[in-house]
Every structure is written in C-alpha cells, then in structure tokens.
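**Q** Quick one: the structure is below, questions incoming.
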Amino acid sequence: MLGKSIEERFSLVGHTALVTGSSRGIGREIALTLAQAGAAVILHGSRPSEALERAAAEVRGSGARVESVAADLCRADGAGRLAGACRKAGLEPDILVLNASVQEYVKLEEYDNAEFQREFQANVGSAFELIRQFSPAMRRNRWGRIVTIGSINQMRPAARLSIYSATKAALLNLTRNCARELAPYGITVNNIAPGVILTDRNATALRDQTLKEAILARIPAGRFATPEEIAGTALLLCGNAAAYLTGAEIPVAGGMQL
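Counting in the working numbering, the sequence shown runs from 18 upward without gaps.
See the structure below:
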C-alpha cells in the first residue's frame, strides 16, 4: 500500500538492493540513490578493484549498510557465485537492479562465437539466473522489485553493436515475461532503456566531435543525460510509489526513441 507521505512512498528502509555493475557509471549512481532512500546496498563489480571500493566508501557515507561483492558475469557460473556471495554476507536482496553489461563495437563479420557468447551471458544469462535465484524469497514475502537496465539500442540498434542490441531486446522480452509471472506475488519487473549517458563507457566515442554532433542531432532534447537522471527513474521503480507499474519499457533518452 502507498504511504501517506512522499517520503513513505519513496522510502526503501527495510529493503536490500543488489545493483550489478555498480563500481562506476549508471550502476554506481543507482546504488547511491537507493542507499540515500534507506536501502541496504550490495555493490557488484566483475573483480575486486579500487573503483569498487571507492563506490562502497561513497555509498557508506550516506549512512547505509554496504557490502561489495565481485563476480565475473561473463562466466556461466558468475551469477551463481554472486548469489552465493550475497548469502554469505547474510543478505537476501528484495530489490534487483540488473545493470551490468558488456559491449564491443565491431562490424558483423568481425564477431566470433566467443564474443557472441560473452555478451549474451553477461547481458541476458546472468539476469535470468539472478532473477531465478532471488525471486523465490520475494514470492514468499509477497514483495519485490526487479529493474533491468536496457538500452536505446533495443529500439534503435547502432551500427557495430548488432549483438549488444540483440541482447538488450532479449532482456526486454525476459522482463515482460517475468513481470507477467511474478505480478500476482507483489513483485514488479520493469525495464529502463537509457539513451546516451555521460559515463566513462561513452567517453572515448564522444571525443569524436563529428560523431558527437551526429548523435546529438538525433536527440530531441539536444543533450546527453547524466547517470543521476537514470537513477531517479530507478528509485521510482524500486519503491511503493510505482507498485502498480510492471512490465514497462521506459526510455530515458531525451526523445531519441521517437
């Protein structure tokens, strides 16, 4: 049920959020935002790193409980290892933000089977396994929030990202099917499709001024987004204010999807 105040509608006190790929960029900002709303947060990186520890220190500064775990989601056993690490820390998340992904800019003829498998495992397979691992407890508690982070590429595939775009379209389909199955248990499952975000992942490409201007010309808002603008949408989807919103694809793209 919705709380009577704005604070209650968006409060995540008493909940635990796992945010994959949260050592930097969008994932880091989402983790910080959910912590500020009162959630205990599990940060994740593909390996132990200074970036992961810096993110943990920043989130800890908000006063939230923070754990950081490492697991390579490109591996078939990576998601299982991640779930095991969460439980070893005594945490069973009831909020999943499935943000981790990999991509490679190459032409179609340059892809090989290993890259195909790597991207599908990290971007789709790991999401499926983490939902499978953690949704049973959500069902028992009759409350849960699952947010998958897609991409504008699931709507408008970019050149040289054919496999990545396909994985994001598959992730959206998984989101919709899980939403249908889990809705009777008070669990919502939604997809955020970011446009071009000012993160380190995009920094190299955007240094090309010609490419930058060409991309901006396709965005009605006339600018790129910040990670904070994705995190705000994630906060809405993770609380009780959006308890009746499920199975949605939400572009946060400045109109680039139009």
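Here a beta-carbon is modelled for each residue, glycine too, at the ideal position from N, C-alpha and C. Since the structure is predicted, the reported quantities are computational estimates derived from the model, not experimental observations.
Just the C-alpha distance for Met18 and Thr227, rounded to the nearest angstrom, thanks.
**A** Residue 18 sits at position 1 when you count from the first residue of the sequence shown. Residue 227 sits at position 210 when you count from the first residue of the sequence shown. Residue placement at Met18 is flagged as unreliable, the pLDDT there being 49, under the threshold of 50; a coordinate-derived value is accordingly withheld.
**Q** Among Tyr122, Ala81, Gly256, Leu223, which one has its Cα closest to the Cα of Ile204?
**A** If you number the sequence shown from 1, residue 204 lands on position 187. Comparing Cα positions, the closest option is Gly256.
**Q** My understanding is that Ile47 touches Ser39, with C-beta atoms under 8 Å, so please give their C-beta distance in whole angstroms.
**A** As a working mapping, residue 47 is identified with position 30 in the sequence shown. As a working mapping, residue 39 is identified with position 22 in the sequence shown. At roughly 7 Å, the Cβ-Cβ gap stays under 8 Å, so Ile47 and Ser39 are in contact.
**Q** Please state whether DSSP places Glu136 in a helix, a strand or coil.
**A** As a working mapping, residue 136 is identified with position 119 in the sequence shown. Three-state DSSP puts Glu136 in a helix.
**Q** Would Cys195 and Ala139 be called neighbours here (beta carbons separated by less than 7 Å)?
**A** Position 178 of the sequence shown, counted from the first residue, corresponds to residue 195. Position 122 of the sequence shown, counted from the first residue, corresponds to residue 139. It is not a contact, given that the beta carbons lie outside the stated cut-off.
**Q** Who pairs with Ile43 in a beta bridge, going by DSSP?
**A** Position 26 of the sequence shown, counting from 1, holds the residue named residue 43. According to DSSP, Ile43 bridges with nothing at all.
**Q** Counting only the same chain and skipping the five closest in sequence on each side, list residues whose C-beta sits under 7 Å from that of Glu246.
**A** Here residue 246 refers to the residue found at position 229 when the sequence shown is read from its first residue. Excluding residues within five positions, the ones whose Cβ falls inside 7 Å are Val269.
**Q** Please go through the same chain and pick out, in chain order, the residues whose beta-carbon is closer than 6 Å to the beta-carbon of Ser79, but skip the five residues on each side of it.
**A** Mapped onto the sequence shown, residue 79 falls at position 62. Cβ within range, chain order: Ala52, Gln53.
**Q** According to DSSP, which residues form a beta bridge with His32?
**A** Against the sequence shown, residue 32 aligns to sequence position 15. In the DSSP output, where bridge partners are listed per residue, His32 has none listed.
**Q** Label Glu24 either buried or exposed according to how many other C-beta atoms from any shown protein chain fall within 10 Å of its C-beta, with 16 as the threshold for buried.
**A** Within the sequence shown, the letter at position 7 stands for residue 24. Exposed.
**Q** When you compare each of Ala102, Arg64, Ala210 to Gly264 by their alpha carbons, which one comes out closest?
**A** Mapped onto the sequence shown, residue 264 falls at position 247. The option with the nearest alpha carbon to Gly264 is Ala210.
**Q** What is the DSSP secondary structure of Met18, counted as helix, strand or coil?
**A** Translated into the one-based positions of the sequence shown, residue 18 becomes position 1. Low confidence applies here, because Met18 scores a pLDDT of 49, under 50, leaving its location unreliable and the question unanswered by this model.
**Q** Roughly how many whole angstroms lie between the Cα atoms of Ala175 and Phe27?
**A** The sequence position of residue 175 within the sequence shown is 158, counting from 1. The sequence position of residue 27 within the sequence shown is 10, counting from 1. Distance between the alpha carbons of Ala175 and Phe27 is about 35 Å.
**Q** Give every residue of the same chain whose Cβ lies closer than 7 Å to the Cβ of Glu67, excluding the five residues on either side of it in the sequence, and list them in chain order.
**A** To locate residue 67, count along the sequence shown from 1; it is residue 50. Result list for Glu67: empty, nothing under 7 Å.
**Q** Find out if the Cβ-Cβ distance for the pair Ala259, Leu253 is shorter than 7 Å.
**A** Along the sequence shown, read from residue 1 onward, the residue named residue 259 stands at position 242. Along the sequence shown, read from residue 1 onward, the residue named residue 253 stands at position 236. For Ala259 and Leu253, yes; Cβs fall inside 7 Å.
**Q** By the three-class DSSP mapping on this structure, what secondary structure does Ser85 have?
**A** One-based indexing of the sequence shown puts residue 85 at position 68. Of the three classes helix, strand and coil, the one that applies to Ser85 here is strand, per DSSP.
**Q** Is the Cβ-Cβ distance between Gly167 and Leu188 less than 7 Å?
**A** Sequence index remark: in the sequence shown, residue 167 carries index 150 (1-based). Sequence index remark: in the sequence shown, residue 188 carries index 171 (1-based). Yes.
**Q** Secondary structure at Ala57, three-state DSSP: helix, strand or coil?
**A** Taking the first residue of the sequence shown as 1, we reach residue 57 at position 40. Ala57 falls in the strand class under three-state DSSP.
**Q** Short check: CB of Val58 to CB of Ala34, under 7 Å?
**A** As a first step, residue 58 must be located in the sequence shown, where it is residue number 41. As a first step, residue 34 must be located in the sequence shown, where it is residue number 17. Contact: yes.
**Q** Which term fits Arg224, buried or exposed, when burial requires 16 or more other beta carbons within 10 angstroms of its beta carbon?
**A** In the sequence shown, the residue the question calls residue 224 occupies position 207. Classification of Arg224: exposed, given that the 10 Å Cβ count is below 16.
**Q** Can you tell me which of Ala231, Leu125, Ser143 puts its alpha carbon nearest to the alpha carbon of Ser63?
**A** Residue mapping note: residue 63 aligns to position 46 of the sequence shown, counting from 1. Of the listed residues, the one whose Cα sits closest to Ser63 is Ser143.
**Q** Output needed for Leu42: all residues of its chain with C-beta closer than 7 Å, excluding positions within five of it in sequence on either side, in chain order.
**A** Indexing the sequence shown from 1 puts residue 42 at position 25. Note that residue 42 corresponds to Gly in the displayed sequence, not to Leu. Answer for Gly42: Thr216, Asp217, Arg218, Pro244, listed in chain order.
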